[in-house]
Amino acid sequence: MIQLKNPLQIKEMREAGRITGEALLIAREHIREGISTYELDKIIRNHIEKQGAKPSFLGYGGFPGSACISINDEVIHGIPSKKRILQEGDVVKVDVGAFYKGFHGDAARTIPVGNVSDEALKLIRVTRDSFFAGVEKMQIGNRLGDIGHAIDSLVVSNGFSTVKRYIGHGIGHELHESPDVPNYGTEGRGTRLCAGMVLAIEPMVNVGREDVREMGDGWTVKTEDGTLSAHYENTVALTSDGVINMTLLESDF
1 MIQLKNPLQI
11 KEMREAGRIT
21 GEALLIAREH
31 IREGISTYEL
41 DKIIRNHIEK
51 QGAKPSFLGY
61 GGFPGSACIS
71 INDEVIHGIP
81 SKKRILQEGD
91 VVKVDVGAFY
101 KGFHGDAART
111 IPVGNVSDEA
121 LKLIRVTRDS
131 FFAGVEKMQI
141 GNRLGDIGHA
151 IDSLVVSNGF
161 STVKRYIGHG
171 IGHELHESPD
181 VPNYGTEGRG
191 TRLCAGMVLA
201 IEPMVNVGRE
211 DVREMGDGWT
221 VKTEDGTLSA
231 HYENTVALTS
241 DGVINMTLLE
251 SDF
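Using my numbering, the letters of the sequence shown correspond one by one to residues 1 to 253.
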């Protein structure tokens, strides 16, 4: 069942979203050659906890980190490690959640380390743009398929592929709520959008094929063909006055 949020709940969720967005900005400031993903995770956790919040991912289903940090052909759910040292040219996906006063925020960014290839820069841009193409369709009376179709159409038109095995989701008191939010779909199909819906929309885009595989650690997901992948996510609320992006801060535009 979809849990619609009232205006007061959406206001409260914006605080969890702000903390999440700030954590991503801090992560971006610290991403550089030579830092470990473990150290980066510790920085993210420290910020979230200093705000009086809890990292949503820490211990979730047994996940050992506060953030998912995935590099290059890793699509999502990378486990922070002292052995994973960022290198010049890496493409780093940082996925963060913060739980504050009963609500979750969830967002992700893909961040280059130093100079990266033109292909990587295009991938990062297209993934971000596909999110906003989807959000443009987040209008009362539209359907979930409109969001997914807009995302996938932009991705494919740029020569990339949309990961279909993993999708976005509703969010609120729980990190993952109904409805499922695929990054692909058919216009005019799926659940009708209405005021009070809060969604984590998160396109995952590969340079090569859409196929992915889960690694032996039970978490990390990689592209099947070893090509680069990017991830972009925000927590967004649909209201009678339009869309509120809870995790995108002005300094992140």
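Glycine residues also receive a C-beta, built at the ideal position from the N, C-alpha and C atoms.
Cβ-Cβ distance between residue i and residue j below 8 Å
{"i": "Asn234", "j": "Ala107", "result": "yes"}
{"i": "Gly105", "j": "Ala16", "result": "yes"}
{"i": "Ile171", "j": "Leu199", "result": "yes"}
{"i": "Ser161", "j": "Asn206", "result": "yes"}
{"i": "Ile69", "j": "Val94", "result": "yes"}
{"i": "Glu210", "j": "His149", "result": "no"}
{"i": "Gly168", "j": "Glu224", "result": "no"}
{"i": "Pro179", "j": "Leu144", "result": "yes"}
Alpha helix (DSSP H) segment containing residue i, residue limits
{"i": "Asp118", "result": "Asp118 to Glu136"}
{"i": "Val163", "result": "Segment: none, Val163 is in no alpha helix (DSSP H) and carries neither H nor E."}
{"i": "Ala150", "result": "Leu144 to Ser157"}
Burial state of residue i (16 or more Cβ within 10 Å)
{"i": "Tyr60", "result": "exposed"}
{"i": "His47", "result": "buried"}
{"i": "Asn183", "result": "buried"}
{"i": "Met215", "result": "exposed"}
{"i": "Met204", "result": "buried"}
{"i": "Lys50", "result": "exposed"}
{"i": "Asp90", "result": "buried"}
{"i": "Lys101", "result": "exposed"}
Element boundaries [beta strand (DSSP E), containing residue i]
{"i": "Gly97", "result": "Val91 to Tyr100"}
{"i": "Met204", "result": "Met204 to Asn206"}
{"i": "His169", "result": "Gly168 to Gly170"}
Handout entry: Stretch pair the stretch 35-52 + the stretch 84-103: three plus CB contacts closer than 8 Å
Key = yes
Problem - Ordered list of alpha helix (DSSP H) runs contained in the stretch 20-53, each at least 4 residues - result: 37-50
Handout entry: Three CB pairs or more closer than 8 Å across the stretch 40-57 and the stretch 126-142
Key = no
Handout entry: the stretch 232-247 contacting the stretch 6-16, beta-carbon criterion three pairs below 8 Å
Key = yes
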